[in-house]
Amino acid sequence: MNYYTKQLKELTSEQFYRIAQLRISVFVVEQNCPYQEIDTLDEIAWHIWLEDEKDNIVGYTRVINYEDYASFGRVLIAPTYRNSGLGKSLVAHTISFINEKYPNQPIVISGQAYLKMFYESFGFQAISDRYLEDNIPHIKMRKSI
Numbered sequence: 001m002n003y004y005t006k007q008l009k010e011l012t013s014e015q016f017y018r019i020a021q022l023r024i025s026v027f028v029v030e031q032n033c034p035y036q037e038i039d040t041l042d043e044i045a046w047h048i049w050l051e052d053e054k055d056n057i058v059g060y061t062r063v064i065n066y067e068d069y070a071s072f073g074r075v076l077i078a079p080t081y082r083n084s085g086l087g088k089s090l091v092a093h094t095i096s097f098i099n100e101k102y103p104n105q106p107i108v109i110s111g112q113a114y115l116k117m118f119y120e121s122f123g124f125q126a127i128s129d130r131y132l133e134d135n136i137p138h139i140k141m142r143k144s145i
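First residue of the sequence shown? That's 1 in full-length UniProt numbering, and the numbers climb one at a time after it.
As C-alpha cells, then:
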C-alpha cells in the first residue's frame, strides 16, 4: 500500500477521475446523498489517497488549510477494504501530514456523528452538538496543537 499527496493542479486527469469516481460511489450512491460532490474546495485542497499493489485507490481524504485551523474531510475507505485498519492508518497519516505542513494549526473536522469515538481515539474533542450536513448527522470536532 502506498500513500500519495497532491494538489489538484498536480493530479493527472486519470488520478482525478479515479478519486472522483470513488468519492461519488461512496458519498452520493452508497450514502444516498444526492448533493454536489466535486466542489470548489477541491481546488485548494491537498488530496491524500492510498493505493493497493494493483494501483486501485482504496482510501482517500482531502486537507484544507484555513486561516485559524486545518481541516480534513471526505474520508473514505473503499467497501472491500473496510474493517481492515486502513481507516485508522489513513487518519493517522493525514494528521501527520497536517502536523508537518501546518505545525501551529489545530485541526477542526466535521465528522459523521457515528464516528465520534473513532475520532476521539486520535485526540479529537466534540465542540458542537449533532447537526445535519447533507441530511446526515455530523458533529464538529477539534484536535488541539
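Built from N, CA and C at the ideal position, the CB exists for glycine as well.
Checklist entry - In three-state terms, what does DSSP make of LYS54? => result Here DSSP, grouped into helix, strand and coil, assigns LYS54 to coil.
Checklist entry - Going by the CB atoms, is the gap between LEU76 and TYR102 shorter than 8 Å? => result Pairing TYR102 with LEU76 gives a Cβ-Cβ distance that is not under 8 Å.
Checklist entry - Taking C-alpha atoms, which residue in GLN31, GLN105, THR5 lies nearest to GLU51? => result GLU51 has its Cα closest to that of THR5, out of GLN31, GLN105, THR5.
Checklist entry - Who are the near neighbours of HIS47 in its chain, counting only those whose CB is closer than 6 Å to its CB and skipping five residues on each side? => result LYS6, ARG62
Checklist entry - Residues in its own chain within less than 6 Å of MET141 by CB, not counting five upstream and five downstream? => result ILE109, GLY111, TYR119, PHE124, ALA126
Next on the checklist: Closer than 8 Å is the cut-off here; do at least three beta carbon pairs connect the region 83-91 with the region 27-44?
Outcome noted: Touching, no, given that fewer than three Cβ pairs across the two stretches are closer than 8 Å.
Checklist entry - Quick one, which of ASP55, GLU53, ILE98 has its alpha-carbon nearest GLY73's? => result ILE98
Checklist entry - Taking the runs of the beta strand (DSSP E) that are 3 residues or longer, which of them lie wholly in the region 100-135? => result 107-112, 131-133
Checklist entry - Are LYS116 and ILE136 closer than 8 Å when you measure CB to CB? => result no
Checklist entry - Going by DSSP, which residues form a beta bridge with PHE72? => result VAL63
Item to check | Supposed close pair CYS33, ASP134 - CB separation, criterion 8 Å | outcome: Correct: roughly 5 Å between the Cβ atoms.
Next on the checklist: Please list the terminal residues of the continuous beta strand (DSSP E) segment that includes GLN7.
Outcome noted: 2-7
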